[in-house]
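A.B. asks:
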């Protein structure tokens, strides 16, 4: 894929995430994938995504920066949402969160084979519990 193809492909992935369309993730995620350094599967990724969206139905990602290096993508995104169910051990309070996520992906044959993400979970928990 060219850098432009990779950019368009990644933005389609984010659009599918934001639309909570998980049935088509085989277009984006390899059957077997490394998740934060641990072996996993596409089904593992989808299970986490579905769990998060079940608890945070308005969960969305806004891409702020995208960098490409051959088969690697680096992303800085803002994650937003308001939990309606207990999530991360915090009961819903009507509080929303807005945090930065940094992610690095490796793509092979047009699908993610490595997915690594880092976000400030302490800041997210602070925002979710601040209104209590």
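Numbering (this note's numbering), first residue to last: 350 to 481. Heads up, the beta-carbon is just placed ideally off N, CA and C, and yes, glycines get one too. Since this is a predicted model, take the numbers as computed values, not measurements.
#1: Between 370, 379, 385, 360, which lies nearest to residue 413 when the distance is taken from Cα to Cα?
#2: Going by C-alpha distance, which of 373, 431, 462, 368 is nearest residue 388?
#3: Curious, which full-length alpha helix (DSSP H) runs of at least 4 residues does the region 387-459 contain?
#4: Once you ignore the five residues that flank residue 354 on each side, which residues in its own chain have a CB closer than 7 Å to its CB?
#5: Quick one: what's residue 556 bridged to in DSSP?
#6: When the Cα atoms are used, what is the spatial distance from residue 441 to residue 475?
#7: Once DSSP output is grouped into helix, strand and coil, what is the label at residue 351?
#8: Looking at the unbroken alpha helix (DSSP H) that takes in residue 486, where does it start and where does it end?
#9: Take the Cβ of residue 437 as the centre, count every other Cβ of all protein chains shown within 10 Å, and call the residue buried at 16 or more, exposed below.
C.D. replies: On the basis of the data shown:
#1: On the chain shown, position 64 is the one that residue 413 refers to. Residue 360 is the option with its Cα nearest to residue 413.
#2: Locating residue 388 in the chain shown gives position 39, counting from the first residue. It is 462 whose Cα lies nearest to the Cα of residue 388.
#3: 391-404
#4: Numbered from 1 along the chain shown, position 5 holds the residue referred to as residue 354. Within the same chain, residue 354 has no close Cβ partners at all.
#5: The displayed coordinates of the chain run from 350 to 481. Any statement about residue 556 would go beyond what the structure contains.
#6: The residue you call residue 441 lines up with position 92 of the chain shown. The residue you call residue 475 lines up with position 126 of the chain shown. Their backbone Cα atoms lie some 13 Å apart in a straight line.
#7: Here residue 351 refers to the residue found at position 2 when the chain shown is read from its first residue. Correct three-state label for residue 351: coil.
#8: Coverage of the chain is limited to positions 350 through 481, which leaves residue 486 absent and any answer about it impossible.
#9: The residue you call residue 437 lines up with position 88 of the chain shown. Residue 437 comes out exposed.
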